[in-house]
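Quick mapping for you: the protein sequence lines, in order, are chains A and B.
Everything in the first sequence is counted per my numbering, starting at 1 for the first residue and increasing by one.
Everything in the second sequence is counted per my numbering, starting at 1 for the first residue and increasing by one.
Below you'll find the structure, written out as structure tokens, and then a few comments.
There are 2 protein chains.
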Amino acid sequence: MERNVTIKEVARKAGVGIATVSRVLNSSARVDPKTHARVTAVIRRLGYRPNAQGRRLVKRAAEMVCFILSNRDFVNPFHSGILCGAERFLAQAGHDVVFSSLRYSSSTPAAQLALPRIVTHRGIADGFILSGTIYPNLLEAVDELRAPYVLFGNNIVGGDPADRELRASDAVYYEDREASRALVELLVRHQHRAIWFAADLRMPWFYRRAASYRAVMQESGLPVLEYTQPYQGDYRDYGVRYGEEAMEHILGSGQPVTAVFAGNDGIAFGAWKALQRRGLRVPDDISLVGFDDVQEARLTEPPLTTVHVPTEQIGRECGQLLLEKLKARGRPLPSRMVPTTVVERGSVAAPGQVQSPESKAQGQAS
Amino acid sequence: MERNVTIKEVARKAGVGIATVSRVLNSSARVDPKTHARVTAVIRRLGYRPNAQGRRLVKRAAEMVCFILSNRDFVNPFHSGILCGAERFLAQAGHDVVFSSLRYSSSTPAAQLALPRIVTHRGIADGFILSGTIYPNLLEAVDELRAPYVLFGNNIVGGDPADRELRASDAVYYEDREASRALVELLVRHQHRAIWFAADLRMPWFYRRAASYRAVMQESGLPVLEYTQPYQGDYRDYGVRYGEEAMEHILGSGQPVTAVFAGNDGIAFGAWKALQRRGLRVPDDISLVGFDDVQEARLTEPPLTTVHVPTEQIGRECGQLLLEKLKARGRPLPSRMVPTTVVERGSVAAPGQVQSPESKAQGQAS
DNA sequence: CTGAAAGCGCTTACAG
DNA sequence: CTGAAAGCGCTTACAG
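Now the structure itself:
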């Protein structure tokens, strides 16, 4: 087994030319039904599998695109969601999609970055979607390639986050700032005055959320209260550890606190754990909001008020933009912004207000 | 931009033959340093990206393998773990790895299955790992291909699970039966006599767990108590809904119950939710064990006693087996079994025994 | 150390 | 409807 049956051999055994076999394979032209049957039979009998290399070489296209997740595990539910969305869209548009992961250090000079062949070489994939954590060196290396690609933009990291402008072209973003404003305004509307923000501001997505938080606090004449220590932990816990540290710090700071805006749901869960350890309840003692709306956000008791980020839709937009990019022959395409929505659940109440016992009876195992 | 710079053009501009450019590209033979520098400069200046098609055609190998996840989302943490393990191993062994998802119906005849080009065609990937839910029709279609592949075997579905033997070749399994025995024996050791099992037995992995459960119960002279309704829900909730239904049924059955062996952790979490809704506590009122050791199993209060399945290691073994398979030129290779371990946490106690208040103070948000 | 040439397995005008 | 031939972009003996 595993012999290399080629189109030539099929042609010989079927008593036809290789062109005819090719036509049968691609149903590209009318072939006499009898000939067709004969060729098909030989293909089956020989277990012939066409070599895509040959076709691709002639076609000058791989008819395949790649989704690249950099410095993140596939287990990350956020990026997995984007990935699924892109895959569905592109598959349904008739493209083979393939995923690849990429690990790199932000300090390696762009020229030294060891990128996988699927992006450095022509012909394996026609274009790619870049997702995950994207540092400037990666961006530079990828631009050097002059290959068609689009970006999931929210996770571009590096440089001063305050200066970071959204890329005007070839990127898909989800809306960050307005949703964060709405979240803080929700807290203010519930009479909270001692509202903390907790997240590592070196991450631009957290920075943008913090900026909205500060703006609302200042407009409302409230004090800015932040825990913004650099995050050392493993991203795999999605910030849970960070949230614990943050809450410990806040409770031990001697400053007032009635509500916490956690930079993402993981941080919120961590903060929640710290509260529980102290015997404090959400939202009775402290209100808590997160960001992302991961699956677990519905499972806590009470469920978490947070911002829903439609990851699948982000993926679809990435796929769509890439397809356009492939046709655009290198012309830059305008970036896109996917809207997000605040979803109010049970983790916010006015300070001092107590929840009805009924809603407490809900399940919360994991 | 995006012009197709070829090796020929580089050669011409550098005033050398294409063979020399190829040598520079692959550092395959000694090249005069001066020539080397000249060629490198031209490559950079032209932004030349080698076309992998050409190389692959000559090499008769893609130097790339594919991990295929069938009928599962990448968001599934279990399969993501396997995937990460395979990726790490293969990448470190110098192979490009790429992932592909595959959706199919178990009722489509094998011959009609629309498999992606990456498996049907030669030359895109040299071999693949098949994971996810695998029905007989897929297996048949894939065997037809006579392409080098290995299988993650635990999720092969279809036919009578009671008759299903583990594949003797080209598959990686994790240990199921002994771990399940140990789990039930643990419950028995804690003096439980009314021990239920809950899972859909059409899934062979659940069937194997149930078989071990029955064996231990019979050996111990205890009654077999099972909830085994077919599962209609979405696999994305990993069985949580099923667990709720199961627990409702059990509690409403009028039969005794002091412990439940849930087919997996998701089912355990669902059962737990149902218990909480009734105001019942784990393990004070009912002991609960799961299977898989998903991340959330550590986060419940108390954390869940379950069986740890080392998904990353399973992935590594799959990668390793595939590499051997590639060398084996079609010869079948013996299957492998990855060991699992029962991890005792806090969700089991003797019937009626109450937990210390201290362990209750642990966090459980999320 | 280097180049001309053959050949990898296809597709596609072109001619019949 | 069909076949012989050119050519896609590489690598690799072979000869120098």
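The C-beta atom is built at its ideal place from N, Cα and C for all residues, glycine as well.
Annotation: Cβ neighbours of A:Asn4 in chain B (cutoff 8 Å, chain order): Arg60 and Arg122. Looking only at B:Ala19, B:Thr228, B:Ser27 and B:Phe261, the smallest Cα-Cα distance to B:Val342 is reached by B:Phe261. DSSP assignment within the segment 121-190 of chain B yields the following whole beta strand (DSSP E) runs of 3 residues or more, N-terminal first: 127-132, 149-152 and 171-174. The criterion of a C-beta distance shorter than 9 Å is satisfied by B:Val150 and B:Cys318. Within the same chain, and ignoring the five residues on either side of A:Gln313 in sequence, the residues whose Cβ sits closer than 7 Å to its Cβ are Gly85 and Val338. The Cβ of B:Leu145 sits closer than 9 Å to at least one Cβ of chain A. Listed along chain A, the residues sitting closer than 7 Å to B:Arg117 by beta-carbon distance are Ala52 and Asp96. When secondary structure is reduced to three states using DSSP, A:Glu312 falls in the helix class. The Cβ atoms of A:Arg345 and A:Ala297 lie closer than 9 Å to each other. When Cβ-Cβ separations below 9 Å define contact, B:Leu57 makes contact with chain A.
Relative to the Cα of B:Glu165, the nearest Cα in the group B:Tyr207, B:Asp32 and B:Phe89 belongs to B:Tyr207.
For A:Met203, there is no enclosing beta strand (DSSP E), as DSSP marks it with neither H nor E. For the segment 181-204 of chain B, the beta-carbon criterion of a distance under 9 Å to any beta-carbon of chain A is satisfied by none of its residues. The three-state secondary structure of A:Ser106, taken from DSSP, is coil. Between A:Ala29 and A:Arg23, the C-beta gap is smaller than 9 Å, which places the two residues in contact. In this chain, B:Val257 is not harboured by any alpha helix (DSSP H), its DSSP state being neither H nor E.
Out of A:Glu140, A:Arg88, A:Ala215 and A:Ala125, the CA that lies nearest to the CA of A:Leu113 is found in A:Glu140. Using a CB distance cut-off of 9 Å, B:Phe99 counts as an interface residue toward chain A.
The continuous beta strand (DSSP E) containing A:Ala198 extends over residues Ile195 to Ala198. Taking a Cβ-Cβ threshold of 7 Å, the residues of chain A close to B:Glu87 are Ser101, in chain order. Between B:Arg23 and chain A, the shortest Cβ-Cβ separation is not below 9 Å.
Comparing alpha-carbon positions, the option among B:Gly159, B:Gln232, B:Tyr238 and B:Leu251 lying closest to B:Glu226 turns out to be B:Leu251.
From the listed residues B:Asp293, B:Gln320, B:Arg38 and B:Lys273, the smallest Cα separation to A:Pro302 is found for B:Lys273. Comparing alpha-carbon positions, the option among A:Arg181, A:Leu69 and A:Ile124 lying closest to A:Asn155 turns out to be A:Leu69.
When Cβ-Cβ separations below 9 Å define contact, A:Cys66 makes contact with chain B. Taking all protein chains in view, the Cβ of A:Asp163 is surrounded by fewer than 16 other Cβ atoms within 10 Å, so the residue is classified as exposed.
Here A:Asn4 carries a coil assignment [DSSP, helix/strand/coil]. The way I'd put it, the segment 87-101 of chain A does touch the segment 99-116 of chain B; three or more beta-carbon pairs between them come closer than 8 Å. Taking 7 Å as the cut-off between beta carbons, none of the residues of the segment 315-326 of chain B comes near chain A.
Closest option to A:Glu144, judged by alpha-carbon separation, among A:Glu185, A:Ala111 and A:Ser131: A:Ala111.
In this structure, B:Ala259 keeps its C-beta atom at 9 Å or more from the C-beta atom of B:Pro223. In the three-state DSSP reduction, A:Asn51 falls in the strand class (E or B). Of B:Ser220, B:Ser212, B:Met203 and B:Gln218, the smallest CA-CA separation from B:Thr228 is found for B:Met203. In summary, B:Glu87 is buried, with 16 or more beta-carbon neighbours lying within 10 Å of its beta-carbon over all protein chains present. By alpha-carbon distance to B:Leu280, the top candidate from B:Glu178, B:Met247, B:Val294 and B:Val39 is B:Met247.
Separation of B:Ser335 and B:Tyr174 (C-alpha to C-alpha, rounded to the nearest whole angstrom) is 11 Å.
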